[in-house]
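With UniProt numbering, the residue at position 8 of the sequence shown is 8, and numbering never jumps. Note that beta-carbon positions come from the ideal geometry of N, C-alpha and C, so glycine has one too. A short write-up of the structure that comes next.
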Amino acid sequence: MVNGARAKAATAVKVGDRIEARIAKRERIVEVVQVINKRVGAPIAVTCFVDHSPLVVVGAEPLLRRDRGAGRPTKRDRRQIERLQGG
């Protein structure tokens, strides 16, 4: 999204535009400081935007993760899961 509106790949941006994107389950919000007309290296590209993304909380993943092919938990498994989750 550019300035709150959906955008396509060919959408032109200008200085001051706010770009929002979800990349790998993480929300990124950047503000354009300088427009680049051609490809440049990463050290130069980093200076052309300001990152306003929310901080990532480490450890936000669930403590218990079951295998996808394990099927439905048994009564014993469910009780252990509830005990681990503090329930």
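>> Using only CA atoms, which one of Arg22, Glu27 and Asp17 lies nearest to Lys33?
In response: In the sequence on display, residue 33 carries Val and not Lys. Nearest of Arg22, Glu27 and Asp17 to Val33, Cα basis: Asp17.
> What is the residue span of the beta strand (DSSP E) that Arg18 lies within?
Replying inline: Arg18 to Ile23
> Is the segment 9-23 touching the segment 31-49 in the sense that three or more CB pairs, one from each, lie closer than 8 Å?
Replying inline: yes
> If Arg26 and Val56 are in contact, beta carbons under 8 Å, what's the gap, nearest whole angstrom?
Replying inline: 6 Å
>> Based on DSSP bridge pairs, tell me the residues matched to Asp51.
In response: Val30
> Thinking just about the alpha-carbon of each residue, which of Gly69, Arg28, Lys8 and Gln85 is nearest to the one in His52?
Replying inline: Arg28
> Opposite Ala5 in the DSSP bridges: which residues?
Replying inline: Val2
> Would DSSP call Asp77 helix, strand or coil?
Replying inline: helix
> Would you report the Cα separation of Gly71 and Ala24, rounded to the nearest angstrom?
Replying inline: 27 Å
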